[in-house]
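A short write-up of the structure that comes next.
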Amino acid sequence: MKIIFLGSGGSVPTKDRGLPAVLVEYLNELFLFDCGEGTLRQIMICSSKRNKRNEKSKENRGKNDKINFMNINKILITHFHADHIAGLIGIINTMNFLDRRSNLEIYGGAGIRSIIKNLPVPKDAMRFVKIYEISEGQVVEGRRYKIIPFKTQHTAESLGFVFEEKEKRKFLKEKAVALGIPEGKLYSGLQRGESINFNGRTINPDDVLSEPIKGRKIVYTGDTTPCENTVKFAERCDILIHDSTYSNIDIDKISDHGHSTALQAAETAKKANAKSLFLIHISQRYADSKILEDEAGKVFGNSYVVRDFTNVQISAPPEKKILIV
Ligand SMILES: [Zn+2]
Ligand SMILES: [Zn+2]
Numbered sequence: 001m002k003i004i005f006l007g008s009g010g011s012v013p014t015k016d017r018g019l020p021a022v023l024v025e026y027l028n029e030l031f032l033f034d035c036g037e038g039t040l041r042q043i044m045i046c047s048s049k050r051n052k053r054n055e056k057s058k059e060n061r062g063k064n065d066k067i068n069f070m071n072i073n074k075i076l077i078t079h080f081h082a083d084h085i086a087g088l089i090g091i092i093n094t095m096n097f098l099d100r101r102s103n104l105e106i107y108g109g110a111g112i113r114s115i116i117k118n119l120p121v122p123k124d125a126m127r128f129v130k131i132y133e134i135s136e137g138q139v140v141e142g143r144r145y146k147i148i149p150f151k152t153q154h155t156a157e158s159l160g161f162v163f164e165e166k167e168k169r170k171f172l173k174e175k176a177v178a179l180g181i182p183e184g185k186l187y188s189g190l191q192r193g194e195s196i197n198f199n200g201r202t203i204n205p206d207d208v209l210s211e212p213i214k215g216r217k218i219v220y221t222g223d224t225t226p227c228e229n230t231v232k233f234a235e236r237c238d239i240l241i242h243d244s245t246y247s248n249i250d251i252d253k254i255s256d257h258g259h260s261t262a263l264q265a266a267e268t269a270k271k272a273n274a275k276s277l278f279l280i281h282i283s284q285r286y287a288d289s290k291i292l293e294d295e296a297g298k299v300f301g302n303s304y305v306v307r308d309f310t311n312v313q314i315s316a317p318p319e320k321k322i323l324i325v
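Sequential numbering of the sequence shown, starting at 1, is according to UniProt numbering.
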C-alpha cells in the first residue's frame, strides 16, 4: 500500500506546493482523495520522478513505475472549496478526451451531485462519471478494503475518510497437515472460510486459520478544526493525514477558523493513538515548514510535514512498517 502526496499546500499554490490531492495505491487500484487544481499534472510529474528514481537504483532499474491516471476508479472529495475540487475539470476532461470507457466514481457529501453536474466538462463525459452522495456511516466497500466517511468541522458537507484494509486470517498449513488434510481443493475451501468434510469429520476454518490480523488503516481529514470525531475514527490508525494549515504561534492572528494548527493535529494524533502523523494543507506563509514539524513533534513523535511527491509505503500486516521515500 502506497500513499503519494500530489499536493501538500492549502488554499494558495506556491512554487513548492500544489493544492490538496492524495493518491492511494492499493492492489493495482488507485484512489484519489481530493483533487486540487493541477492534480493531473502533478500525477505526470510524480510518475516521471518515480521512473528517474528507479533508473538510479540497482534494484529497480528498468522497472516501469508509471502512475496511469486512467486507472483511478474512485475519487473521494472532502468538501467543495475550490482548492479541493478544481482539478476535477482537468481529470474528467482528459479522461473523456482519451475515450474512457470504465466508470469513474466520485464520492462526496450532500451537494456533490450538482457540483459535478455543473463542472465545465463535455456532457459526454457523464457517460462514465458516476456520482455518489454519502454521509457519515455510509461505507464504500471493496473486496479487500473499506472507505468510511466521517463528519469533520469545516463546512456543512465536509467529510474525512478512513481507508482501511479488511482483517485477514492466515492459513496455517502446519495445522492442516497435522489434521491429515491433503493439499489441494480442500485447502481452498478452508482458506475462503468454509467448513469442509474430510473422512467423516467436519473441519472448521477456525481449526486452520490464524486469529484475525488487523489491516492497514489510513485516515485523511481534509480541512477541519480539531474535533473529537476525528479522534474516534482515527483510533489506532497507521497514518493520520491531518489539516495543519497554521502554526500555533500564529493562533491569535488567524481569522479563518476552519483549520487546525500543527500542535492541534499532533494532539489529535496522540489522543487517537495513531502510529504516525502527516501534516498537510500547509499555508503559503510557512516557506520553511520545519517550524510546523517541530511544533507537532514535541507532542507526537512521528510527525512529518508532507511535501509534494512524498511517497509513503506501508508494508503488509502484521508488521505494517512505514517507509517514507
Ligand atoms: Zn482547503
Ligand atoms: Zn476548505
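In this text, a Cβ means the ideal position worked out from N, Cα and C, and glycines have one as well.
{"query": "Per DSSP, residue 326 forms a beta bridge with which residues?", "result": "An answer regarding residue 326 cannot be provided, because it is not within the stretch 1 to 325 covered by the chain."}
{"query": "Kindly list the residues whose CB is nearer than 6 Å to the CB of residue 26, restricted to its own chain and excluding five residues on each side of it in sequence; keep chain order.", "result": "1"}
{"query": "Please classify residue 295: is it buried, with 16 or more other beta-carbons within 10 angstroms of its beta-carbon, or exposed?", "result": "buried"}
{"query": "Out of 283, 272 and 273, state which residue places its alpha-carbon closest to the alpha-carbon of residue 262.", "result": "283"}
{"query": "Does the pairing of the segment 172-183 with the segment 96-107 give three or more beta-carbon distances under 8 Å?", "result": "no"}
{"query": "Opposite residue 150 in the DSSP bridges: which residues?", "result": "160"}
{"query": "DSSP on residue 19, reduced to helix/strand/coil?", "result": "coil"}
{"query": "Could you say which of 37, 279 and 109 lies nearest to residue 160 if we only look at CA atoms?", "result": "109"}
{"query": "With 16 as the cutoff for other CB atoms within 10 Å, does residue 210 come out buried or exposed?", "result": "exposed"}
{"query": "Quick check on DSSP: helix, strand or coil for residue 72?", "result": "strand"}
{"query": "With three or more beta-carbon pairs closer than 8 Å as the criterion, would you say the segment 200-209 touches the segment 119-139?", "result": "no"}
{"query": "Which residues count as close to ligand 2 when the rule is a CB under 7 Å from any of its heavy atoms, in chain order?", "result": "79, 81, 83, 84, 154, 155, 223 and 258"}
{"query": "For the putative contact between residue 136 and residue 79, defined by C-beta atoms under 8 Å, what is the C-beta separation to the nearest angstrom?", "result": "Contact doesn't hold; Cβ gap of about 14 Å is too wide."}
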